[in-house]
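K.L.:
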Amino acid sequence: CNAGTYGFTCNETCGYCLNGNNTCLRTNGHCKDGCQAGWMGETCKSDCERGHYGYNCNETCGHCLYGNSNCSTTDGNCTNGCLAGWHGY
């Protein structure tokens, strides 16, 4: 398979692997080093679930206005601002 592809006929595209899309395993597309911020799963093709962010979606959003589901999946920034008394992420 060429870099960035995998599978029996090399027709699948690698996901958002931590060290670049060309680093997935050529056989099954798994990202051996994990996912870029905002992505999860063995192939790093699934968005973070609501309320989570970061590398492999391991971080939990906190204190966002309108609920923690309103945070950026990449850096945890509250997209609509923070609850009263809170600032930053």
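The opening position of the sequence shown corresponds to residue 3 in the working numbering, with each subsequent residue numbered one higher. Even for Gly, the Cβ is constructed at its ideal location relative to N, Cα and C.
1) For T76, which of helix, strand or coil comes out of DSSP?
2) Looking at the structure shown, is T25 part of a helix, part of a strand, or coil, going by DSSP?
3) Below 8 Å on the Cβ atoms is my contact criterion, and I expect Y68 with N79 to pass it. Report the Cβ-Cβ distance as a whole number of Å.
4) Confirm, please, whether the CB-CB distance from C26 to C95 is below 8 Å.
P.N.:
In brief:
1) coil
2) helix
3) Not a contact, Cβ separation roughly 14 Å.
4) Outside the modelled stretch of the chain, which goes from 3 to 91, sits residue 95, for which no answer is possible.
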